[in-house]
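If you want my numbering, it's the position in the sequence shown, counting the first as 1, plus 55. Remarks on the structure that follows.
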Amino acid sequence: MNYILSAALALSLLSGEVWAQSNSPRTLPMDASAELPITRLLVPVLTSNLPGAMGSVWQTDLWLTNVSSQPIVYGINPCNQACCCAEINTIRPQSTIRYAEDRPRGRYFAAVGSIQLVARLRDLSRNGSSAGVDLPVVREEEFRADELNLTAVPRDPRFRVLVRLYMLDKALPLSVEQIDALGNVLQTDQIQLDPPVGGFAVPAPAYGQLSLDPGTQEAAEPVRIRIKAIYPSTYFWAFASVTNNATSEVTLILPPR
56 MNYILSAALA LSLLSGEVWA QSNSPRTLPM DASAELPITR LLVPVLTSNL
106 PGAMGSVWQT DLWLTNVSSQ PIVYGINPCN QACCCAEINT IRPQSTIRYA
156 EDRPRGRYFA AVGSIQLVAR LRDLSRNGSS AGVDLPVVRE EEFRADELNL
206 TAVPRDPRFR VLVRLYMLDK ALPLSVEQID ALGNVLQTDQ IQLDPPVGGF
256 AVPAPAYGQL SLDPGTQEAA EPVRIRIKAI YPSTYFWAFA SVTNNATSEV
306 TLILPPR
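See the structure below:
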């Protein structure tokens with residue numbers, strides 16, 4: 056059976072070891088994926104049975120679908136055995152596999168044109184009432200170098216709000232401003248991001264977060280969150296999660312694309 060070489064081979068540092076095989080005994084050459092579009096994809100939250108507030112237990116299910124007519128080797132599972140690594144990392148034609156990992160600050164994957172990624176976050180303690188919320192899968196070119204805005208972020212004691220910050224290849228501080236509808240800056244925070252972790256095997260981005268004071272009034276006006284780079288050539292991305300204290304329902308507030 057013929058195997059399509061995943062672009063992850065050329066970017067094995069993004070998603071661990073990748074193997075490929077064909078009918079011939081030789082492994083496909085390293086440059087076989089050179090014509091495929093290659094970029095990094097950020098899945099911003101990967102959790103596995105992570106305890107949270109109010110008895111919640113959080114799980115991210117990452118679904119990978121091969122929409123092509125050929126099997127594709129995509130290296131997401133570790134393999135230390137002497138043979139057959141390609142088989143355990145092969146996604147069959149028109150099939151979907153589920154992948155789970157405990158990396159709450161996210162992880163990079165290599166983009167491959169025929170592999171589609173969907174990430175869904177859910178509260179396992181409330182499986183009967185909610186199927187969860189889809190998380191964005193962020194392409195490298197969506198990271199910004201100037202500023203990024205999150206609009207209509209609630210300040211309401213019934214919800215808890217967390218702003219999550221990510222940075223490409225560096226770990227520098229970012230400015231986070233809360234701005235009212237009239238353009239007044241209500242508060243400014245400077246958040247130092249933690250450095251990337253995982254090395255070449257399972258890289259995770261530089262990461263930081265800010266919990267917003269929910270305020271005391273349920274009818275308070277929402278704010279705009281403006282995130283700005285402090286240093287030049289600083290590429291970052293961010294979003295806010297708004298979690299209901301009673302139901303654990305999550306609303307995501309994303310930057311405009």
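Cβ atoms here follow ideal geometry from the backbone N, Cα and C, with glycine treated the same way.
(message) Going by DSSP, what residue range makes up the beta strand (DSSP E) through residue 263?
(response) 261-267
(message) Do residue 235 and residue 279 have their beta-carbon atoms positioned less than 9 Å apart in this structure?
(response) yes
(message) Quick check: is the beta carbon of residue 212 nearer than 9 Å to any beta carbon in chain C?
(response) Here chain C cannot be found, since the structure has a single protein chain.
(message) When you compare the region 159-174 with the region 114-122, are there three or more beta-carbon pairs, one atom per stretch, that lie closer than 8 Å?
(response) yes
(request) Could you tell me the distance, in whole angstroms, from the CA atom of residue 311 to the CA atom of residue 294? (result) 10 Å
(message) Quick check on residue 293: does DSSP put it in helix, strand or coil?
(response) strand
(message) Please identify the residue among 304, 214 and 147 whose C-alpha is closest to the C-alpha of residue 124.
(response) 147
(request) Report, in whole angstroms, the separation of the C-beta atoms of residue 115 and residue 97, which I expect to be a contact under 8 Å. (result) Incorrect: roughly 13 Å between the Cβ atoms, too far for contact.
(request) Have a look at residue 215 and residue 282 and give me their C-alpha separation to the nearest angstrom. (result) 19 Å
(message) Which residue wins for smallest C-alpha separation from residue 309, given the options 268, 233, 208 and 227?
(response) 208
(message) Using a Cβ-Cβ cutoff of less than 8 Å, which residues in the same chain neighbour residue 264 once the five nearest sequence positions on both sides are dropped?
(response) 217, 218, 219, 220 and 246
(request) Let me know the secondary structure DSSP gives residue 284 once reduced to three states. (result) strand
(message) Which same chain residues end up closer than 7 Å to residue 47 when comparing Cβ atoms and leaving out the 5 residues on each side of it in sequence?
(response) No answer is possible for residue 47: the residues shown for the chain start at 56 and end at 312.
(request) Mind checking who residue 165 pairs with in its DSSP beta bridge? (result) 95
(message) For a quick check, are the C-beta atoms of residue 284 and residue 200 less than 9 Å apart?
(response) yes
(request) Excluding the 5 residues preceding and the 5 following residue 105 in the sequence, name in chain order all residues of the same chain whose CB lies nearer than 8 Å to its CB. (result) 112, 113, 114, 157 and 159
(message) Rounded to whole angstroms, what is the Cα-Cα separation between residue 224 and residue 194?
(response) 14 Å
(message) Measuring only from the beta carbon, is residue 281 closer than 8 Å to any heavy atom that is part of the ligand MN?
(response) For the structure depicted, the ligand MN is absent and the ligand set is empty, with no information on it obtainable.
(request) Out of 305, 290, 240 and 196, state which residue places its alpha-carbon closest to the alpha-carbon of residue 166. (result) 196
(request) Starting from residue 204, trace the beta strand (DSSP E) both ways and give me its first and last residue. (result) 202-208
(request) For the beta strand (DSSP E) holding residue 245, just list the boundary residues, first then last. (result) 240-247
(message) If you reduce the DSSP assignment to three classes, tell me which class residue 236 lands in.
(response) coil
(message) The beta strand (DSSP E) that contains residue 174, what's its start and end?
(response) 170-178
(request) Go ahead and label residue 151 buried or exposed: buried means 16 or more other beta carbons lie within 10 angstroms of its beta carbon, across all protein chains shown. (result) exposed
(message) So, at 8 Å on beta carbons, what are the nonlocal neighbours of residue 202 in its own chain, with the 5 sequence-adjacent residues on each side left out?
(response) 281, 282, 283 and 284
(message) For residue 206 and residue 241, I'd like the C-alpha separation in whole angstroms.
(response) 15 Å
(message) For residue 145 and residue 128, I'd like the C-alpha separation in whole angstroms.
(response) 4 Å
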